[in-house]
Amino acid sequence: MNAVFLPLWIGTPQIIFIVIVVLLLFGGRKIPELMRGLGSGIKEFKDASKDDEPAEKTGEGQKKI
Numbered sequence: 001m002n003a004v005f006l007p008l009w010i011g012t013p014q015i016i017f018i019v020i021v022v023l024l025l026f027g028g029r030k031i032p033e034l035m036r037g038l039g040s041g042i043k044e045f046k047d048a049s050k051d052d053e054p055a056e057k058t059g060e061g062q063k064k065i
């Protein structure tokens, strides 16, 4: 059972390797743009999920068949 989780253990050498590969693929200028886009996407997702919660509690979001 422990062998299943073995690939999920990421150490310092693996993180350094991943950072180097990302830098080579995208370059130093593109990474801040990617992170900015990722952050705004996460923010929009959280805002949308917060807007949807009251409708679920009151039952307004459900359609009657």
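When we follow UniProt numbering, the leftmost residue of the sequence shown carries the number 1, and every step to the right adds one. Glycine included, every Cβ here is placed at the ideal spot set by N, Cα and C. Because the structure is a prediction, the values reported are computed rather than measured.
Our two residues, residue 42 and residue 18, have alpha carbons roughly 22 angstroms apart in a direct line. Taking the CA atoms as reference points, residue 33 sits about 10 angstroms from residue 26. In its own chain, leaving out the 5 sequence neighbours on each side, no residue places its CB closer than 6 angstroms to the CB of residue 23.
DSSP, read as helix, strand or coil, puts residue 37 in helix. In this structure, DSSP gives residue 10 a state outside helix and strand, which the three-state scheme calls coil.
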